[in-house]
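> Below you will find the structure I want to go over with you.
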Amino acid sequence: MTVIDTGALPESASGKKPDSLWTRLKPLTLSLIVPALLLAFWQVATSLRWTRLIPKPYDVAEMMVDFAVGGIVDDAFSATLHIHLLASMGRVYGGFLLAAAVALPIGLMIGRIPAVRMLLDPFLQIMRPIPVTAWLPLSMILFGLGPRSAFALVFLGAFYPILLNTIFGVRSVDPKLFEAASMLGCTGNAQFFKVVLPAALPSIFTGLRLGLGLAWFVIVVGEMTGVPQGLGAVIMDARTLSRTELVICGMIVIGIAGYISDRIVVMIGNRLLAWSPQHNG
Amino acid sequence: MASPNPIIDVRQVTKRFELKDQTIHALAETNLSISKGEFVCLIGASGCGKSTLLRIIAGFETPTSGEALMWGKAVSAPDPTRGMVFQDYALFPWLSVRENIAFGPNARGLPRTTVKDTVDRFIELVGLTKFANAYPHQLSGGMKQRVAIARVLANDAEVVLMDEPFGALDAMTRERLQDELLEIWQRTGLTVVFVTHSIEEAIFLSDRIVVMSPGPGRIESDNPLALSRPRDVSSPEFNEIRRVLGAKLHSHHGKKAA
Ligand SMILES: Nc1ncnc2c1ncn2[C@@H]1O[C@H](COP(=O)(O)OP(=O)(O)O)[C@@H](O)[C@H]1O
Ligand SMILES: [Mg+2]
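Here it is, written out as structure tokens:
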């Protein structure tokens, strides 16, 4: 009877003093140290002309402003950030949702039905190590140059983490829970919805999170297939035009967009998985 | 103990586990008959088949030969009338205390209002009203085991099978739960089959202590206790029984070693 004795849940009942300013600012401060050092190093390296190929931070910042709202360079890329971002987001989320829609049922079946496991598992294990980049030529042949190819590659990138984590979640349900359910009168197929699915949810969720991360990860490769719009397309075009500051802008936007989308997923997860001690990240 | 109409009747049950390279003879021919309302403890060294016997009664394992009967009907699968309380609780971590207790009544398709009333009653019975909405990972071991007990009682179990339920708890929590279990048992007329390896726990709780011994697992002796309740662990009678039972348990170990 030691964990809780106040009637409220532990987080709120722990009787902690209100956080001091430093405890609240500490995570933010610490998280900014490495980026700040990197930025300083970048500034020093470019001002001392250790390299002439990398633009200065200020040039990149200026480019970013122009990319977002225009008014500085005023060329084809000015004020187009939102167009490219939306195009990439469409492919990332579309490919991701399609991957989830296919990987979840297949993963549940491989995890639960031995015949399906024997049928699909060896095949998928062989396909899995093939990197998305290796699929690029074939994908362009199959889906043509353009958005469909990008979509297909994002799908492939997100598919395996969702699949594997779903299988893992379904297969690692504590066997005692099946016994508990059956002695309480929940037997047969009802156990799938009452036991397997909720028990596998944390793993499934981890798979979705990794899958979405990988979808952002492969978007540049996916958009190398000759799409006119998208952050990957911007990076490829800028490279061809030797506009390195624009390449770096594209990278930064992808990083930030991927980060925000991950935080949103984590927030949903924390809400949905409040019961799981591992899921309070 | 030869009741004319036992609630549980284990008849000539044996159990072998066939593994790849060996056969484990977990239970030699075993007979055990339990009357309604009895509190029976199974005690013995580890590996003597206590859990196996309990799991056969529950319906989790099928006997190699013989059969277990409940009210004269062969046990073929787990059933809500025989509730199991596991040592490691086996609560559903994604369900709150309330939802864990409601799991059985919901699975059986009882009407919503009935479920709510039942759950309220049993949450109160085990003193967890304040924690109705907490999740298992927020509870102490003793509280988890209370939930595990409440969920089988809320599901109309007639027989409660308990496999070292208090084995993982600290001494004070264990004593408290022993008292609470006895109170519930006396109030409800449940039948309890309780596995333990503590002689004190067995003497404190049971009407009857079944001593088992290993190699292969079997029932060595069946000891009715004529000790009035409530029991005082420091009384001379209690200690005399502890001495006799201890001697019985140790003589089996001696035999096995020889
Ligand atoms: N599922 C199983 N598969 C193989 N052997 C088992 C299984 N369950 C129990 N046994 C064996 O049966 C014997 C009795 O085990 P058990 O009933 O768990 O004993 P106890 O609960 O008295 O410690 C042990 O030798 C154990 O290893
Ligand atoms: Mg055991």
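These protein sequence lines map, in sequence, to chains A and B. Per the numbering used here: the first sequence ends with 310, consecutive numbering throughout. Per the numbering used here: the second sequence ends with 337, consecutive numbering throughout. Think of the CB as a built atom: it goes at the ideal place given N, C-alpha and C, for glycine as much as any other residue. On a predicted model such as this, the values are computed, not experimentally measured, just so you know.
Under DSSP, the alpha helix (DSSP H) around H113/A begins and ends at which residues?
Here the alpha helix (DSSP H) through H113/A covers 110-141.
> Figure out for me which residue from I135/A, M138/A, Y189/A, V145/A has the closest Cα to the Cα of V161/A.
Measuring from the Cα of V161/A, the nearest candidate turns out to be Y189/A.
> List the endpoints of the continuous beta strand (DSSP E) containing T93/B.
T93/B -> beta strand (DSSP E) spans 87-97.
> Can you look up R287/B in the DSSP assignment and give me helix, strand or coil?
DSSP places R287/B in strand when its eight states are reduced to three.
> To the nearest angstrom, report how far apart V154/B and P204/A are at their CA atoms.
Their backbone Cα atoms lie some 21 Å apart in a straight line.
> Would G242/A and V183/A qualify as a contact pair, given that the criterion is a beta-carbon distance under 9 Å?
Result no, Cβ atoms of G242/A and V183/A do not sit closer than 9 Å.
> Distance, Cα to Cα, I233/A vs G140/A?
Cα to Cα, I233/A sits roughly 12 Å from G140/A.
> Measuring from each Cβ to the nearest heavy atom of ligand 1, keep the ones under 5 Å and list them in chain order.
In chain order, the qualifying residues are F96/B, I103/B, A105/B, S125/B, G126/B, C127/B, G128/B, K129/B, S130/B, T131/B.
> Looking only at DSSP bridge pairs, what is T141/B linked to?
For T141/B, which the question treats as bridged, DSSP gives no partner whatsoever.
> So A210/A packs on K223/A, CB below 8 Å; how close in whole Å?
About 6 Å; that satisfies the 8 Å criterion.
> How is the alpha helix (DSSP H) around A90/A delimited, first residue to last?
Segment 86-98, the alpha helix (DSSP H) holding A90/A.
> At 8 Å on the CB atoms, spell out the chain B contacts of A209/A, in chain order.
By Cβ distance, chain B contributes M163, F165, A169, L170, F171.
> State buried or exposed for G173/A, treating a residue as buried only when at least 16 other CB atoms are found within 10 Å of its CB.
G173/A is exposed by the Cβ-count criterion.
> Heavy atom of ligand 2 less than 8 Å from the Cβ of V290/B, yes or no?
The answer is no for V290/B.
> Going along the chain, which residues of its own chain have a beta-carbon closer than 6 Å to the beta-carbon of M92/A, five neighbours each way excluded?
The answer, listed in chain order, is E274, L275, C278.
> May I have the straight-line CA-CA distance separating A105/B from S292/B, to the nearest angstrom?
Taking the straight line joining both Cα atoms gives about 11 Å.
> Cβ of N84/B less than 9 Å from any chain A Cβ?
Not closer than 9 Å to any Cβ of chain A, the Cβ of N84/B fails to qualify, so no.
> Look at V272/B and L98/B and say whether their C-beta atoms are less than 9 Å apart.
No, the pair does not count as a contact, with Cβ atoms beyond the cut-off.
> Check whether the Cβ of G198/A lies closer than 9 Å to any Cβ atom in chain B.
No - not a single Cβ of chain B is within 9 Å of the one on G198/A.
> Tell me whether the beta-carbon of I288/B lies closer than 9 Å to the beta-carbon of V119/B.
Yes, Cβ-Cβ distance for I288/B and V119/B is below 9 Å.
> A137/B touches chain A at which residues, Cβ-Cβ below 7 Å?
Chain A residues near A137/B: M212.
> Output needed for T267/B: all residues of its chain with C-beta closer than 8 Å, excluding positions within five of it in sequence on either side, in chain order.
The answer, listed in chain order, is L232.
> Under the three-state reduction of DSSP, which class applies to K205/A: helix, strand or coil?
Helix, per DSSP.
> Around the Cβ of T192/B, are there at least 16 other Cβ atoms within 10 angstroms (buried) or fewer (exposed)?
By the neighbour-count rule (16 or more Cβ atoms within 10 Å), T192/B is not buried but exposed.
> For the region 105-115 of chain B against the region 85-93 of chain B, are there 3 or more C-beta pairs whose distance is under 8 Å?
Verdict: yes, contact present.
> Return the bridge partner residues of C120/B from the DSSP annotation.
F273/B, I288/B, per the DSSP bridge assignment.
> Verify the CB distance criterion: does R200/B have a CB-CB separation below 9 Å to chain A?
It does not; no Cβ of chain A falls within 9 Å.
> Taking only beta-carbon positions, decide if D266/A is within less than 9 Å of chain B.
Output row for D266/A: interface = no.
> In chain A, what lies closer than 8 Å to F182/B by C-beta?
Simply A210, L213, C215, K223.
> Please state the DSSP three-state secondary structure of N84/B.
Here N84/B sits in coil by DSSP.
> Do E279/B and ligand 2 come close, with the Cβ less than 8 Å from some heavy atom?
For ligand 2, not one heavy atom lies less than 8 Å from the Cβ of E279/B.
> Tell me whether E299/B, by its Cβ, gets closer than 8 Å to a heavy atom of ligand 2.
No, the Cβ of E299/B stays beyond 8 Å of every heavy atom of ligand 2.
> Taking 9 Å as the cut-off, decide whether the C-beta atoms of V176/B and A213/B are in contact.
In contact: V176/B and A213/B (Cβ atoms closer than 9 Å).
> Taking the CB atoms as reference points, tell me whether P215/B and Q166/B lie closer together than 9 Å.
No; because the gap between Cβ atoms is not below 9 Å, this pair is not in contact.
> Taking any Cβ of chain A, which residues in the region 240-255 of chain B have a Cβ under 7 Å from it, in chain order?
Those residues of the region 240-255 of chain B that come within reach of chain A (Cβ to Cβ, closer than 7 Å) are T252.
> Could you check whether the Cβ of A156/B sits closer than 9 Å to any Cβ belonging to chain A?
True, the Cβ-Cβ gap to chain A drops below 9 Å.
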